[in-house]
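Those sequence lines, one after another, are chains B and S. With positions in the first sequence counted from 1, the corresponding number in my numbering is that position plus 3. With positions in the second sequence counted from 1, the corresponding number in my numbering is that position plus 3. Every residue gets a Cβ at the ideal spot worked out from N, C-alpha and C, and that includes glycine. Quantities reported herein were computed from a predicted structural model and do not represent experimental measurements. As structure tokens, the structure follows; a few thoughts come after it.
Protein chains: 2
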Amino acid sequence: MDTSDIRIVLVEPSHPGNIGAVARAMKNMGLERLVLVNPRQFPHSEATARASGADDVLASARVVATVQEALAGCGFIVATTSRPRDQYFRVADVRDAAERVLQEARRAPAAVLFGSERAGLSNEQLEAAHLLIQIPASEAYQSLNLAMAVQIVAYELFRARGGVQIDTAPAAGPLADPVEMERLFEHLAQVLEEIDFRDRTQGGTHLMGRLRRLFQRAALDRNEVNILRGILTAIQSRRRRAGDGTERE
Amino acid sequence: MDTSDIRIVLVEPSHPGNIGAVARAMKNMGLERLVLVNPRQFPHSEATARASGADDVLASARVVATVQEALAGCGFIVATTSRPRDQYFRVADVRDAAERVLQEARRAPAAVLFGSERAGLSNEQLEAAHLLIQIPASEAYQSLNLAMAVQIVAYELFRARGGVQIDTAPAAGPLADPVEMERLFEHLAQVLEEIDFRDRTQGGTHLMGRLRRLFQRAALDRNEVNILRGILTAIQSRRRRAGDGTERE
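Here it is, written out as structure tokens:
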């Protein structure tokens, strides 16, 4: 989906560094539309520094005077709150809410509102929202830094958008098949016997079982099996050469 | 579980502000054991400032000279990587890995390694890990700020620990039951008739259906139903008084 349909709105941010960090957090998670309501200092060198490679997001940030202007043209509005005090609001977990925000953003641009570092959002600002969201945090210290809160919301939106494409089994090639694994284990057992290494406890089966489990757990690819078998072969030929040497002595 | 069983290890962090932000991110997510390997500047006023309410985590941070010292006594070791370049490593999604880290931490302290802002972790350091994890991010800009990466890992660990206890239905009281809702809708229909408000399109059923759906979607509690019925009653008595007045004119 088009991520320009989701606006991140910072209401009266007081630290310019946070604005820059927010821009970076957004770009990292594929968001680009930043709106600043009455920022205390902006533009600012610290914002630029912390935006790092997201200077484009920072440069295209809109600065407006009121929350109403920031939300103009938006449909679904979400407000973040760190405090459970808002007893007449119902609050959703950020993860559960992310999917909803994406759905609503297909109808009209959605906005996520973040309050200022000190005060958060006022009750009046919360009432502009269709949904309040909260980021789960430790009771010992619930207040996340502003940019951190944006990072987590943006992360959950990114995940909900299906942005997770981690190559968990990279270029190392296909896993070794069971036949190759079996040959490896046979080879290993043979070498263990040749070097007189025996399981003291249960006559060998216990030891091989553990070794099998270990290598199965490591989910070896073919290349790795070949490397291990090469090592086993090298051990054998070394022993044979060493054996020759021993006989000569 | 005891969160002191999970260490966050920053390898050669260059910005003291990031160290402080990491301490705060940790405390927000219930982690407390921070280890700094050869930090460029520490202690530092900027670290203290950004730690905010997590000054205790910062104060108890261990500073060591090598990764080996940082990992002493640890069992399971996880390393973070932002680059998919490490082609002979298998990489897990941070969310999938969080549960595993918690399980392993029950056996022996676990560690999560984060590289320096510029270089990340070296291949040698990655090889110390049992598992590499990656935070999903936009291809346009994959490199998260160090403290942001810690925040997301800590957040996923917190969630995996079952730390999510958001009171999604707060003190506002139990939802109205179907009988109360039905009385509300009857009352509303009656008032609509009294004020001669009719659905122009489909003779009334369509309108009431829409209104029903609207109020059902809002999941009203009893108090809210009482408020709405009070309003309806007020409309009726106002009309009666107004009706009396009209008759008198």
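field: Beta-carbon neighbours of residue 128(B), restricted to chain S and to distances below 7 Å
entry: Ordered by position in chain S, no residue passes the 7 Å Cβ test against residue 128(B), which lies about 18 Å from the chain.
- request: Reducing DSSP to helix, strand and coil, say where residue 110(B) ends up.
  value: coil
- request: Identify every residue that forms a DSSP beta bridge with residue 136(S).
  value: 83(S) and 95(S)
Paired residues, beta bridge with residue 37(B) - DSSP: 11(B)
query: Are the beta-carbon atoms belonging to residue 55(B) and residue 119(B) less than 7 Å from one another?
result: no
message: Can you pull the chain B neighbours of residue 147(S), defined as C-beta to C-beta under 7 Å?
response: 31
task: Spatial neighbours of residue 215(S) within its chain, please: CB distance less than 8 Å, with the 5 preceding and 5 following residues excluded, ordered by chain position.
output: 188
message: On the criterion of 16 or more Cβ atoms from any shown chain inside 10 Å, does residue 28(B) qualify as buried, or is it exposed?
response: buried
Alpha-carbon spacing of residue 8(B) relative to residue 102(B), whole angstroms: 14 Å
Coil, strand or helix - residue 251(S) by DSSP: Bear in mind that the predicted position of residue 251(S) carries a pLDDT of just 39, short of 50, making it unreliable; the figure below should be weighed with that in mind. In the structure shown, residue 251(S) sits in a helix (DSSP, three-state: H, G or I).
- prompt: Name the DSSP bridge partner or partners of residue 191(S)?
  reply: Per DSSP, none; premise fails for residue 191(S).
task: Please compile the residues from chain B whose C-beta is within a distance smaller than 7 Å of the C-beta of residue 28(S).
output: 151
- prompt: Name the chain S residues whose beta carbon is nearer than 8 Å to that of residue 56(B)?
  reply: 144 and 146
field: beta-carbon residue 117(B) near the ligand FAD non-hydrogen atom, thresh 6 Å
entry: Looking at this structure, you won't find the ligand FAD or any other ligand, since it has none at all.
- prompt: What first and last residue would you give for the alpha helix (DSSP H) that runs through residue 153(S)?
  reply: 149-163
- prompt: If we call anything under 7 Å between Cβ atoms a contact, is residue 26(S) one with residue 57(S)?
  reply: yes
query: Mind checking residue 105(B): buried by the 16 CB within 10 Å criterion, or exposed?
result: buried
task: Let me know if residue 177(S) comes out buried or exposed under the rule of 16 or more other beta-carbons within 10 Å of its beta-carbon.
output: exposed
task: Give the straight-line distance between the Cα atoms of residue 63(S) and residue 41(S), rounded to the nearest whole angstrom.
output: 16 Å
- prompt: List, in order along the chain, the chain S residues whose C-beta lies closer than 9 Å to that of residue 111(B)?
  reply: By Cβ distance, chain S contributes nothing, its closest Cβ being about 17 Å from residue 111(B), past 9 Å.
- prompt: residue 129(B) by DSSP, collapsed to three states: which one?
  reply: helix
query: Along chain B, which residues have their Cβ under 8 Å away from the Cβ of residue 141(S)?
result: 30, 31, 32, 33, 161 and 166
Distance between beta carbons of residue 238(S) and residue 194(S), contact taken as under 8 Å: 6 Å
task: Kindly list, in the order they appear in chain S, the residues whose Cβ is closer than 7 Å to that of residue 24(B).
output: 148
query: Short check: CB of residue 97(B) to CB of residue 156(B), under 7 Å?
result: yes
message: I want to verify the contact list: residues of chain C whose CB lies under 8 Å from the CB of residue 155(B), in sequence order.
response: Any reference to chain C falls outside this structure, whose protein chains are B and S.
field: CB of residue 65(B) within 7 Å of CB of residue 23(B), strictly
entry: no
query: Would you report the Cα separation of residue 130(S) and residue 115(S), rounded to the nearest angstrom?
result: 13 Å
query: Which residue from 11(S), 108(S), 99(S) and 77(S) puts its Cα closest to that of residue 60(S)?
result: 11(S)
query: In angstroms, rounded to a whole number, what distance separates the CA positions of residue 51(B) and residue 148(S)?
result: 14 Å
message: Considering only DSSP beta bridges, list what residue 119(B) is partnered with.
response: 123(B)
message: Rounding to the nearest angstrom, what Cα-Cα distance links residue 225(B) and residue 243(B) in this structure?
response: 27 Å
Close-in-space but distant-in-sequence residues of the same chain around residue 13(B) (CB under 6 Å, 5 per side omitted): 39 and 117
- prompt: Among the residues of its own chain, which have a CB less than 7 Å from the CB of residue 44(S), if the five just before and after it don't count?
  reply: 19
message: Can you tell me where the alpha helix (DSSP H) holding residue 53(S) begins and where it ends?
response: 48-54
- request: Compare the Cα-Cα distances from residue 68(S) to each of 80(S), 86(S), 77(S) and 15(S) and report the closest residue.
  value: 15(S)
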